[in-house]
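Residue numbers (our numbering): 0 to 136.
Quick reminder that beta carbons are idealized off the backbone N, C-alpha and C, glycines included.
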Amino acid sequence: MNVRRLAGALAAALLFTTACGGGGGGSSSPTSPTNNNGTGTDPYGNPTTPAAPAANQVIATASSAFNPLTITVTKGTDVTFTFESVTHNVAFDAVSGAPANVGNTTNASVIRTFATAGSFGFQCTLHGGMRGTVVVN
Ligand SMILES: [Cu+2]
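Next comes the structure, spelled out in structure tokens:
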């Protein structure tokens, strides 16, 4: 009786293991199964999880940081500033060629064009130490 039950359990375990191993195809993370589908080109969404910034995108995160801290673009590039669920702004340092500041923004994206080469530091005036830099070549 006990042996039969044990054998049955082993068989079930083997089936389970085989099914997982054979059909996995690289889905090793059980927490974010949809991350590969629609991210990376969605600056107008409403990100609720820390998303990786796309090319030419700076995310003002819900944890009050700019991501990436420094972005390097070529002259004439549109940079998308994406604001998550926490309100932030973008105030550029007083440098010639800096684009217009971005006022307090939440759950939206704002585009600024960097037409002048240089290094343009910026900060969120609502959160001390929340700084970033756009380097334009
Ligand atoms: Cu802020």
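Whether V94 touches F80 by CB criterion (8 Å): The count along the sequence shown starts at 1 and reaches residue 94 at position 95. The count along the sequence shown starts at 1 and reaches residue 80 at position 81. Taking 8 Å as the cut-off, the beta carbon of V94 is found no closer than this to the beta carbon of F80.
Any heavy atom of ligand 1 nearer than 6 Å to the CB - residues listed: S63, H87, C123, L125, H126, M129
Endpoints, beta strand (DSSP E) assigned at G131: As a working mapping, residue 131 is identified with position 132 in the sequence shown. Taken as a continuous stretch (DSSP letters only), the beta strand (DSSP E) holding G131 covers 130 to 135.
Secondary structure of H87, DSSP reduced to three states: Position 88 of the sequence shown, counting from 1, holds the residue named residue 87. Looking at H87 - three-state DSSP - the assignment turns out to be strand.
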